[in-house]
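Chemist:
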Ligand SMILES: Nc1nc2c(ncn2[C@@H]2O[C@H](COP(=O)(O)OP(=O)(O)OP(=O)(O)O)[C@@H](O)[C@H]2O)c(=O)[nH]1
Ligand SMILES: [Mg+2]
């Protein structure tokens, strides 16, 4: 069994920014590690996590590794990646035949529904029904219809929670229902109640939180704290191509313990989805952009 090298934080909300970890400050830190420490702090990785990581590296890495920039960075990336939970079976199987995508407005739910629909139909031969539960916002139904027509999927429109009641009746083993939901303001009680009413009709669903990498860290934590009441199975991080800063996504995944499921980095439904690889996210902390 692999040990968890970095102590887990006890709370899910981001802590007040500490300047840096004093233990690591007191020790001699070789220049290679010092540079890595600076890069991680510049990316916005929490100072406490960075400090713990530096202490761990000082204790476990050999003098040879600590003196070699590339080798040291690779070891640190592995340590950082090992900390992040990943959804079991992501990209390989799905428990049940209903997946719901929830999240804030404009975060990429509809685009991710299209990407997942293509992914599951192509890699697992799933027969997709696109369930559009966002039937109030102007243009949302036309958008869903355009996607479903273009990609050749069945479309079901949902106007009330009751419309979901018999959704899976008569479904075969290859049927997969992807439910795209309206954008939810985590500060709006009414919208939370409406989303809850919708989801309660689908007790056996798999629920994905869709969150853009460009969102402010505190809003990301608020979004997941509010929507967490619906039991989130995994997170789809979108818009990774629209930022050069990945620290807040790292902090979020590290502290929140909600498993990562998929990464999206672009608008192309056929190309821009990948199964979440935590080492890839950790590597991005040292790059200039999300490389394709
Ligand atoms: N660059 C980039 N753009 C993205 C990505 N995902 C989504 N978008 C774009 O972001 C915008 C919003 O995406 P949607 O999928 O409509 O977001 P939504 O969450 O369904 O939005 P609402 O239904 O209004 O709540 C669209 O212009 C998408 O093309 C991504 O990974 N990268
Ligand atoms: Mg949408």
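Residue numbers (the working numbering): -6 to 285. For each residue, glycine too, the CB sits at the ideal point set by N, CA and C.
(1) Which residues end up in the neighbourhood of ligand 2 when you take C-beta atoms closer than 7 Å to any of its heavy atoms?
(2) State the Cα-Cα distance for the pair residue 267 and residue 159, rounded to the nearest angstrom.
(3) Excluding the five sequence neighbours on either side, which residues of its own chain have a C-beta within less than 8 Å of the C-beta of residue 82, listed in chain order?
(4) Looking only at DSSP bridge pairs, what is residue 149 linked to?
(5) For residue 281 versus residue 101, is the C-beta spacing smaller than 8 Å?
(6) Rounded to a whole number of angstroms, what is the C-alpha to C-alpha distance between residue 190 and residue 31?
(7) Measure the C-alpha to C-alpha separation of residue 65 and residue 254 and round it to an integer number of angstroms.
(8) Ligand 1 and residue 151: does the residue's C-beta get closer than 7 Å to at least one heavy atom of that ligand?
(9) What are the boundary residues of the alpha helix (DSSP H) that residue 276 is part of?
(10) Can you tell me where the beta strand (DSSP E) with residue 170 in it begins and where it stops?
(11) Quick check: is any heavy atom of ligand 1 less than 7 Å from the C-beta of residue 98?
(12) Distance check for residue 99 and residue 207, CA to CA, integer angstroms please.
(13) Please confirm whether any heavy atom of ligand 1 lies closer than 7 Å to the CB of residue 231.
(14) Would you mind stating whether residue 195 and residue 129 have Cβ atoms separated by less than 8 Å?
(15) Suppose contacts are defined by Cβ-Cβ distances below 8 Å. Is residue 47 in contact with residue 22 by that definition?
Modeler: Taking the coordinates as given:
(1) Environment of ligand 2, chain-ordered: 102, 103, 127, 133, 136, 173 and 176, taking every residue with Cβ within less than 7 Å of a heavy atom.
(2) Straight-line Cα distance between these residues: approximately 32 Å.
(3) Cβ within range, chain order: 88.
(4) In the DSSP output, where bridge partners are listed per residue, residue 149 has 124.
(5) No, these two residues do not count as a Cβ contact at 8 Å.
(6) Going by the C-alpha atoms only, they are around 46 Å apart.
(7) The C-alpha of residue 254 is placed about 28 Å away from the C-alpha of residue 65.
(8) Outside the cutoff, so no.
(9) Per DSSP, residue 276 belongs to the alpha helix (DSSP H) from 271 to 277.
(10) 168 to 173 is the span of the beta strand (DSSP E), which, as asked, contains residue 170.
(11) Ligand 1 has a heavy atom closer than 7 Å to the beta-carbon of residue 98.
(12) Taking the straight line joining both Cα atoms gives about 11 Å.
(13) Taking non-hydrogen atoms of ligand 1 into account, the C-beta of residue 231 is found less than 7 Å away from one of them.
(14) No.
(15) Annotated as proximal: residue 47 and residue 22, with beta-carbon spacing under 8 Å.
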